[in-house]
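Encoded as structure tokens, the structure appears first; notes follow it.
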Amino acid sequence: MPTVTHHHRSATVCSMIPAVMIVTLALLVTRQAPVTAQHTQYGVHGGVVYSLHAAQFTQLGDFASCCPSFTGGSGTGFLAGLHAAYRLSDKLFFVPRLTLVQENGSMQSEEWTFVADLRDTPRVRRAMFLHEFTSSVSSVGIEPTFLLGIVGNLSLTGGLRAAWVFDGSFTQRETLVEPDDYGSYLGSARTWVNYQEQIPDLSPFKAEVLGGLHYSLSVGKAQQWHLGTDVSIAIPITNVTSSAEWRTTNIRLAIAVSHGAKVPEADTSIALPLVPNADTVTLPAPPSLSPPEITLKLEGLIQNYRVPFDSVHVEETLIVDYLPVLNHVYFDEGSSTVPERYSTAAHRMVSDARLTPVQATTAILGIVAKRFREKPQTHITVVGSAGPDLALHGIRLAQQRAESVRASLVSLGIPKENIKVQWQADPLTPTRASDPKDFAAAEAENRRVEILVSESSLMRPLELQTVQTVVTPDDIAVSYNISADTTLRASQVFINDSSVHRSTALQHSFTIPSPTEPAELLVVATDVEHNTAKASASIPVSTLTIHRKKTEHRGNLEVERYSLILFGFNDATVTKQHQEILQIIRNKIRKGASVRVIGMTDVVGSKEHNTLLAQRRAEEVAKALGISESEIEATGSQAPQFSNNLPEGRAYNRTVIIEISDKQ
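Numbering (the working numbering), first residue to last: 1 to 664.
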């Protein structure tokens with residue numbers, strides 16, 4: 001699971017505190033006269049902006065991203081502007097400002113997963129993908145604020161900011177970091193995504209609530225010049241972009257210089273009588289304070305339910321997926337260019353790289369080209385269809401689509417003379433939809449080229465192997481209570497010496513992802529008297545690998561999933577071809593194995609109809625296999641294996657999965 005580290009945020013905030021103290025001290029030292037009230041002041045201000053980003057998105061707009069989620073980060077920018085101050089009373093000023101602000105930020109997410117190392121002895125290795133996201137947003141806005149004197153030269157400030165956002169850009173990178181000696185995406189590249197673009201759907205308007213402290217000094221003989229220090233926070237009301245949950249809270253440190261005419265003040269001093277020195281009184285020493293006490297508790301979270309926690313359990317299971325080969329290549333509206341996803345998967349297949357089930361749905365060109373080497377006498381026919389594009393582009397588009405597929409197959413090594421091109425208006429078995437909301441999905445499935453081969457072995461099912469890792473519990477709930485004789489200054493949580501949480505509350509709770517390696521959790525609490533207390537807990541991890549399962553005869557060693565039966569649109573009939581496939585599966589069921597039959601559909605149609613259709617499909621297959629109805633599940637369109645946003649994904653979701661779990 002991905003983890004995000006933010007300990008650098010608190011370090012940066014702490015590093016700003018000495019700067020504030022130094023500036024304030026400098027103003028105190030250079031003070032020449034007390035502050036005097038002015039009717040009107042005009043000036044300039046500028047400083048630094050420390051931005052805290054709170055986000056919850058995986059990608060921006062249509063820019064591809066594999067990141068599980070960007071959740072937050074920080075960065076440093078600047079501000080500059082003009083201001084005026086209008087005196088409303090002795091202690092109250094109205095201060096309008098015009099301010100330019102640049103907000104910068106950086107977010108990172110570490111995604112831990114597994115890759116197959118095929119060098120020498122094949123093995124599974126842990127891998128870490130680093131997702132990096134940096135941004136810069138510039139805005140200019142008006143800030144109607146009020147300044148209220150509280151004590152001496154110190155004032156409270158508060159108001160609003162309404163700004164026009166005129167620029168916003170971001171940079172995103174996804175890099176394979178570990179293992180550092182093996183692995184790449186395609187070719188030798190270890191960086192998959194590297195964008196430098198404008199932020200999509202950038203909100204043109206930004207609103208913020210302002211609050212903070214202002215310290216001001218009057219200098220010069222006439223006390224007409226004023227130096228001020230502002231420490232404030234800007235809390236956002238609006239998102240950075242309308243297409244994602246992303247807000248930026250700004251901590252602002254600014255220096256202000258202003259000029260205004262002096263207003264004479266009445267002498268309000270009171271002469272006090274002299275008081276003789278009193279006898280010296282010795283006060284007793286204050287009682288000593290005990291350090292804080294911490295009570296720490298860990299609980300497991302499984303599907304958001306709390307369970308007692310003793311350790312994290314990691315279990316590996318070999319998953320063998322048997323997928324049919326869908327002999328379709330789908331095209332975009334009005335286009336005859338083979339989509340990039342087919343070319344990428346084809347080259348991956350031809351280069352003997354391992355495919356995931358999702359990649360296999362678009363690997364038809366590579367599958368045919370690779371298997372053609374085994375049967376070079378095979379004759380291939382590609383049949384193009386114009387589908388709903390016929391009226392606008394004519395039958396010529398169907399021919400161009402078929403020729404594009406032939407050109408792709410030729411580029412993959414199949415002789416041109418072995419490929420015959422045909423075209424037609426619509427596919428022989430087109431997809432039809434009765435509900436208008438499903439028309440677009442049905443039309444997309446009819447923009448296709450079908451690949452027919454004389455050797456059926458070229459279309460035999462794919463066997464894909466992956467190692468599935470299940471971590472229990474999903475997360476760990478951490479809660480702690482602190483009792484202290486005086487005010488708590490802060491508490492901080494560390495996991496293996498890395499700070500993961502910070503709070504000033506006496507009672508706090510949060511969750512962390514379950515680690516896959518043993519970890520030590522430490523809570524440190526400090527009060528305002530610098531008394532410190534610590535509490536720790538171990539997080540043990542037990543890993544049940546495939547090798548341990550074999551030697552100890554524990555758990556499910558292997559799960560075979562057969563998705564070999566693809567049904568026609570809105571169809572649940574088990575055909576003669578299906579019966580042949582079911583006979584192969586029947587022979588694979590070993591004694592003692594558990595079998596599940598899971599009916600599925602695409603998203604075309606209502607949920608209720610799809611659930612019933614999935615149930616009918618599962619019942620028909622279970623009946624043909626001689627399996628009890630108690631082993632039947634019907635998920636319908638609720639838990640798709642593949643994306644329903646693509647036509648090939650919908651085709652692969654019209655299936656029944658036969659899952660065989662073998663303890664061996």
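Where a beta carbon is used, it is the ideal one built from N, C-alpha and C, also for glycine.
Bear in mind that the values here come from a model prediction, so they are computed numbers and not experimental data.
Going by beta carbons, Thr378 and Leu326 fall outside the 8 Å limit. Nearest to Ser538 by alpha-carbon distance, out of Ser514, Ile546, Lys607, is Ser514. Unbroken alpha helix (DSSP H) runs of no fewer than 4 residues, entirely contained in the region 597-634, are found at 607-625, following chain order. With fewer than three CB-CB distances shorter than 8 Å, the region 444-457 does not count as touching the region 478-495. Around the beta-carbon of Glu340, fewer than 16 other beta-carbon atoms lie within 10 Å, marking it exposed. Boundaries of the beta strand (DSSP E) harbouring Lys206: 205-219, taken from the DSSP string.
DSSP, read as helix, strand or coil, puts Ile199 in coil.
The alpha helix (DSSP H) runs lying completely inside the region 521-559 and spanning 4 residues or more are 546-552, given in chain order. Less than 8 Å separates the beta-carbon of Arg586 from that of Leu625. Judged by DSSP secondary structure, Ser232 falls within the beta strand (DSSP E) whose first and last residues are 225-236.
Just measuring C-alpha positions, the residue of Ala162, Ala244, Phe78 sitting nearest Gly61 is Ala244. Annotated three-state conformation of Asn304 is coil, per DSSP. Under DSSP, Gly72 takes part in a beta bridge, and its partners are Ala54.
The Cβ neighbour count for Val177, taken over all protein chains shown within 10 Å, is under 16; the residue is labelled exposed. The three-state secondary structure of Thr429, taken from DSSP, is coil. In the DSSP assignment, Ala163 is bridged to Gly141, Lys206.
For Gly152, the three-state secondary structure derived from DSSP is coil. Under the DSSP assignment, Pro647 falls outside any beta strand (DSSP E), being part of the alpha helix (DSSP H) whose first and last residues are 647-653. Taking 8 Å as the cut-off, the Cβ atoms of Val656 and Ile581 do not count as close.
Taking 8 Å as the cut-off, the Cβ atoms of Ile199 and Val151 do not count as close. Per DSSP, the beta bridge partners of Tyr42 are Ala84, His259. Only residues of its own chain outside the window of five on either side were considered, and among them Thr157, Asp230, Val231, Ser232, Ile233 have a CB closer than 7 Å to the CB of Gly212, listed in chain order. A distance of 8 Å or more separates the beta carbons of Leu98 and Gly77.
Counting C-beta pairs closer than 8 Å gives fewer than three between the region 354-369 and the region 419-433, which falls short of the contact rule. The region 399-418 and the region 382-389 touch, with three or more beta-carbon pairs separated by less than 8 Å. Around the beta-carbon of His83, 16 or more other beta-carbon atoms lie within 10 Å, marking it buried. Your pair Pro473 and Gly300 checks out as a contact, with CB atoms roughly 3 Å apart and the cut at 8 Å.
Rounded to whole angstroms, Leu52 and Val137 show a C-alpha spacing of 13 Å.
Under the three-state reduction of DSSP, Glu517 is assigned to coil, being neither helix nor strand. For Ile589, there is no enclosing beta strand (DSSP E), as DSSP marks it with neither H nor E.
Looking at the backbone, the Cα of Gly72 and that of Gly105 are separated by about 9 Å. Within a 10 Å sphere around the beta-carbon of Ser483 sit fewer than 16 other beta-carbons, which makes this residue exposed. C-alpha of Trp112 to C-alpha of Thr516: approximately 10 Å in a straight line. Within the region 286-370, the complete alpha helix (DSSP H) runs of at least 4 residues fall at 340-350, 357-360. The way I'd put it, the region 432-443 doesn't touch the region 409-416; fewer than three beta-carbon pairs between them come closer than 8 Å.
Taking Asn153 as the centre and dropping the five residues before and after it, the same chain places the C-beta of Val35, Tyr215, Ser216, Leu217 closer than 7 Å to its C-beta, in chain order.
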